[in-house]
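Numbering (the numbering used here), first residue to last: 1 to 265.
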C-alpha cells in the first residue's frame, strides 16, 4: 500500500503550530529512503532500514547530553529514566504524527490497521529522518539536529522540572496514613493503553496494608505516565471517606498510645 501526501516545502518545514522548524533533508535519495518501509524493497539503501539505526544512536546521544546538562544533580539511573521518556517509540511516533511524517510514508498493506506496529514504524521514520538530516549536511547537520531536538524536547523537560511541585498527593497521603508496620503499594491495575497518535495512558491503584487491613484499595488514577497516574490515585484515596479518616484516626491513636507508654517507661 502506497500512502503519501506530498506537502509543500513550507508546510513540511513548519509542521504543526508551536513546533520548532523541521530541518530539511538536503539529499533527495535520503529523503525518499526515510519514508520507504524495508518491506517494500530488497535494497536497504533505498529504505529507512539502516538510517533508523544511525538515527537512533544520534537521538540517544543528543538526549543523554541534554539531560546531563539540564539536570546536574540527579543520579545516573534517573538520567536513564528521563532519557527513555524522550527517546521511546511512543514519543518519537507522536512527533512523527505532529509533523505529518506519517502521511508521507510508503508502508506494506495492513500496517495502518496494526496500532503497535504502526507506532513503531512512525518512530523508526522519525529516527531515520534525524539520520538523513545529519548525513545530508556534513558541515552543519548534527548541529541543526541537536538544536531542533532540544527545542522539541524542552516542554517535556520543563514538565519534569515542575512535576515535583505539582505532584503532591502521594506525599500528602503518606503523611496522613504511613507509620511503622504499614505500607502503601502503587500497582498497575491495567496494561497501558496506546492511542493512535502513540500517546500512552497508565492506570495505577494505591493499596493499604496494616492495622487489620490487607491490600485495601484506597483509590485509582490514570495519566500519561506512571507518576501522574499514581498521584491521581493518591488524590482519590485522600477523598475516600470515611475509610481514609478511619485509617488516619488509627494512626493517631496508636501514636498516642506509643507516646503514653514511652512516658510510663
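Ideal placement from N, C-alpha and C gives every residue a C-beta, glycine not left out.
Backbone CA spacing between residue 9 and residue 101 [nearest angstrom]: Low confidence applies here, because residue 9 scores a pLDDT of 36, under 50, leaving its location unreliable; read the following figure in that light. When only Cα atoms are considered, residue 9 and residue 101 end up about 12 Å apart.
Spatial distance of residue 210 from residue 216 (CA atoms): As the crow flies, the alpha-carbon of residue 210 is around 9 Å from that of residue 216.
Coil, strand or helix - residue 218 by DSSP: Correct three-state label for residue 218: strand.
For residue 193, the first and last residue of its enclosing beta strand (DSSP E): Where residue 193 is concerned, the enclosing beta strand (DSSP E) starts and stops at 183-194.
For residue 274, three-class secondary structure by DSSP: Any answer about residue 274 is impossible in this case: the structure gives the chain only from 1 up to 265.
Residue environment, residue 141, which counts as buried when at least 16 other CB atoms sit within 10 Å: Residue 141 comes out buried.
Start-to-end residues for the beta strand (DSSP E) that takes in residue 200: Annotation: the continuous beta strand (DSSP E) that includes residue 200 extends over 200-210.
Proximity of residue 83 and residue 64 at Cβ, strictly below 7 Å: Cβ distance < 7 Å, so residue 83 and residue 64 count as in contact.
Own chain residues within Cβ distance below 6 Å of residue 136, not counting five before or after: Taking C-beta separations shorter than 6 Å and ignoring five residues to either side along the sequence, the partners of residue 136 in its chain run 25, 26, 27 and 30, following chain order.
DSSP-derived helix/strand/coil call for residue 46: Here residue 46 sits in helix by DSSP.
Span of the alpha helix (DSSP H), counted from its first residue to its last, around residue 93: Boundaries of the alpha helix (DSSP H) around residue 93: 89-98.
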